Each structure stands twice: as structure tokens, then as C-alpha cells.
Amino acid sequence: MIGYILIGVAAGMSLFGFGILAMIVLIGAIVQTGAARKASSADHRTLIHAQYVRRVAITALCAHLAITVFLVTEMVLAINSGEAGGIVQAFVAHYLIDHVSEFVIGAWTAYRAIKGGLHFGEQKAPCGSALTLPHAPGVPAPVTEASPE
43 MIGYILIGVA AGMSLFGFGI LAMIVLIGAI VQTGAARKAS SADHRTLIHA
93 QYVRRVAITA LCAHLAITVF LVTEMVLAIN SGEAGGIVQA FVAHYLIDHV
143 SEFVIGAWTA YRAIKGGLHF GEQKAPCGSA LTLPHAPGVP APVTEASPE
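Residue 72 in the numbering used here sits at position 30 of the sequence shown, with consecutive numbering throughout.
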């Protein structure tokens with residue numbers, strides 16, 4: 043599934059500090075999963091995994107946006123204060139907060155991409171808790187033997 047590849051690429055970009063590019067790729071993953079969900083040929087397993095990829099991409103995108111807004115606000119406040127120490131503090135905060143948070147977001151996104159991709163290949167649900175996925179509406183459930191009591 044292409045969505046897992048896209049969030050994996052975004053995770054790699056985030057791990058190396060390319061947060062803005064990672065956000066663009068995450069938006070691409072959201073658009074791609076929307077197209078996958080609207081495709082008439084998509085089976086139920088693909089739809090569930092597309093929903094999982096969409097949730098992961100939206101969560102990572104929101105985390106990136108929150109960090110970006112925080113850092114821009116801090117830079118504006120430091121520049122408006124006019125103190126040389128404020129600007130230095132803003133740059134230090136950028137390197138400490140931004141790069142550490144980008145790494146954490148990238149590691150979390152990579153974990154989700156790997157876990158979901160492996161479960162997709164093994165015919166499991168994205169969370170991995172169920173061996174089989176729920177059935178699509180109109181598809182009969184498999185017949186299982188009742189346990190003897």
C-alpha cells in the first residue's frame with residue numbers, strides 16, 4: 043500500500059530534520075488514502091489500512107504544525123524583544139526543541155509505518171490484535187465450528 047511508503051518517507055525526512063518536506067509528504071499520504079478509500083476496487087482490508095494510514099498522517103501532521111507554530115512564535119517574540127540574548131535563546135531553542143521533537147515524531151511515524159506495513163502484508167488488522175479483519179457489509183462471515191461444551 044502506497045500510504046505506508048509515504049508515511050515511511052515522511053518519517054525518514056523527519057528523522058533527518060526536514061520537517062517542512064515531511065509535512066508535504068504527509069499531506070500527500072492523506073490525499074492518497076482519500077483516493078484509495080473512494081476507489082471502487084478497494085477491498086475491506088485495504089480500506090481499514092487506508093483509514094489507519096490517514097490517522098497516523100493526520101496525527102504526525104498536527105504534531106509538526108504544533109512544533110512549527112511554537113517555534114515561529116518564539117522567534118517572533120525574541121526578535122520583537124530586541125535583545126541579543128533573546129535571539130540567541132531562540133536559536134538554541136530551535137536546535138534543542140525542534141530537532142529533538144522532529145526526531146521523536148519521525149521515530150513514532152516510522153514505527154507506525156513499519157508496524158502497519160507488516161500487518162498489511164500478513165493480512166492482519168493495523169493494530170495487530172485480530173488475525174482476521176471484520177467483514178464488509180454484505181459479505182457473509184466465515185462459518186466456524188462451535189466449541190463443544
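Where a beta carbon is used, it is the ideal one built from N, C-alpha and C, also for glycine.
The structure displayed is predicted, hence computed values, not measured ones.
Residue interval of the alpha helix (DSSP H) (run including residue i)
| i | result |
| --- | --- |
| PHE60 | Element bounds for PHE60: n/a, residue is neither H nor E. |
| GLU125 | Premise fails: GLU125 is in no alpha helix (DSSP H) and is neither H nor E. |
| ALA152 | 141-163 |
Residue environment, residue i, which counts as buried when at least 16 other CB atoms sit within 10 Å
| i | result |
| --- | --- |
| GLN165 | exposed |
| LEU160 | exposed |
| ILE49 | buried |
| ARG96 | buried |
| VAL118 | exposed |
| LYS45 | In the sequence as displayed, the identity of residue 45 is Gly instead of Lys. Looking at its Cβ environment, which holds 16 or more other Cβ atoms inside 10 Å, GLY45 is buried. |
| TYR141 | The amino acid occupying residue 141 in the given sequence is His; Tyr does not appear at that position. The residue is exposed, with fewer than 16 neighbouring Cβ atoms inside 10 Å. |
DSSP three-state assignment for residue i, whether helix, strand or coil
| i | result |
| --- | --- |
| ASP85 | coil |
| GLN74 | helix |
Same chain, Cβ closer than 6 Å to residue i, neighbours up to 5 away in sequence not counted
| i | result |
| --- | --- |
| ILE109 | SER143 |
| GLY61 | HIS106 and GLU144 |
Residue i versus residue j: straight-line alpha-carbon distance, rounded
| i | j | result |
| --- | --- | --- |
| PHE58 | ARG154 | 17 Å |
| GLU125 | GLY163 | 56 Å |
| GLY148 | LEU138 | 15 Å |
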